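Here this note's numbering = 1-based position in the sequence shown + 185.
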Amino acid sequence: MHNDVNKPVFVVGSPRSGTSILTWCLGQHPNMFPVPESNWMGDFAVNLAVSYEVGTARGERAVLSAMDIGRDEFFAQFGRSINQLILSHRDDLNRKRKMPPSSEPKARWVDGTPEYSTHIFALRKLFPEALFVHILRDVREVVRSMLNFHRVAGTQLVANEEQAYKYWRRTVAACVQAEQAYGPKVVSRFRYSDLIDNPQPAMRSLLEFVGEPYDARCLQPLQQRINSSNVPEDFVAEDPATNPAIVDQAVTLCAEVMKQEQPAEPASHAAAAMQEEFEQRVQYAAGLDRAYRECRRRLDNSEKATR
């Protein structure tokens, strides 16, 4: 019965906005478990769309067209397989994490990959019932955390301050577009400050959004700082080489989104824009594949001519 549930939750937003800790909070719920940042499903969906184009290119002479298999059905079938695969390997994940086996069935999973902010349309194709939580944090706090990420991971998340502001703006703008496109029943904006300052009511509201009863265990990860970037109090993020216009654009967007309420209804023009962006990605990927095959053909012919 539980394996039939195909309603994952994706926590999206800029890196260093709290995506990880919110994923862990939701993952403590008796019906959800957290998975590591997957990072592959967005590109997988693009490649799946390319494969569908190839599989329907010859019209009725191609199996997908001949059997009336539409693209939405094609995507959703792969999404169901991914969901089943993740659910069936939960015990393996717990063993890797050195966690004891759980008697709770946990029919759903939650993924906190920040880069999925720009792949929400694709993920909805794979998982039509998926829900998205856009966690929003003040851009200046995020930039400071990004620039100190090496203290946690040993590697740099961004090269400099300007890249950090661009990174934040790109992901947050994509999430705001998704809020507009799909409405609050699919994408819910969640402020990081609410999680820190008013955790219990914030978590109650979030669990209501994802359709699960409140459980106090979801607050346990907040009892300690998880994945902190250890930003020194005297750290100065400002870089004279940073383009002030880039900073202004990000700060302005942050102020606007923080102040404005999320749209109450989905907007068709925003959904159409997201679909167009996805189709452009698909055509670009398909073009690369065609160009590669053509180069390979010419190279083979050239080698044959020189023998």
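C-beta atoms are modelled at their ideal positions from N, C-alpha and C, and glycine is treated no differently. Remember, predicted model here, so these are calculated numbers, not experimental data.
Cys480 counts as exposed, since fewer than 16 other beta carbons sit within 10 angstroms of its beta carbon. Shown here, Arg376 sits in a strand according to DSSP, grouped into three states.
Bounds of the beta strand (DSSP E) holding Met217 are Met217 to Val220. A direct Cα-to-Cα measurement between Thr427 and Met331 gives close to 15 angstroms. The beta carbons of Glu462 and Asn216 sit no closer together than 8 angstroms. Of all alpha-carbon atoms in Lys351, Arg293 and Ser453, the one lying nearest the alpha-carbon of Thr208 is that of Arg293.
The DSSP-derived three-state label of Arg293 is strand. By the Cβ neighbour-count rule, Thr437 is exposed, with fewer than 16 other Cβ atoms within 10 Å of its own.
Between Leu308 and Ala234, the C-beta spacing is not below 8 angstroms. Membership of Phe263 in the alpha helix (DSSP H) is indicated by the continuous run Arg256 to Ser273.
Every alpha helix (DSSP H) of 4 residues or more that sits fully in the stretch 318-386 is shown, in chain order, as 324-332, 335-338, 346-367 and 377-382.
When C-alpha distances from Val442 are compared across Ser287, Ala456 and Asp323, the shortest belongs to Asp323. Closest in alpha carbon position to Pro448, among Ser390, Gln468, Lys370 and Thr303, is Lys370. Note that the C-beta distance between Pro299 and Tyr367 is not below 8 angstroms.
Straight through space, the alpha carbons of Gly339 and His319 are spaced by roughly 27 angstroms. Between the alpha carbons of Ser287 and Val190 lies a gap of roughly 18 angstroms.
Per DSSP, reduced to three states, the secondary structure at Phe312 is coil, with no helix or strand assignment. The residue among Val395, Val328 and Ile305 with its C-alpha nearest the C-alpha of Val197 is Ile305.
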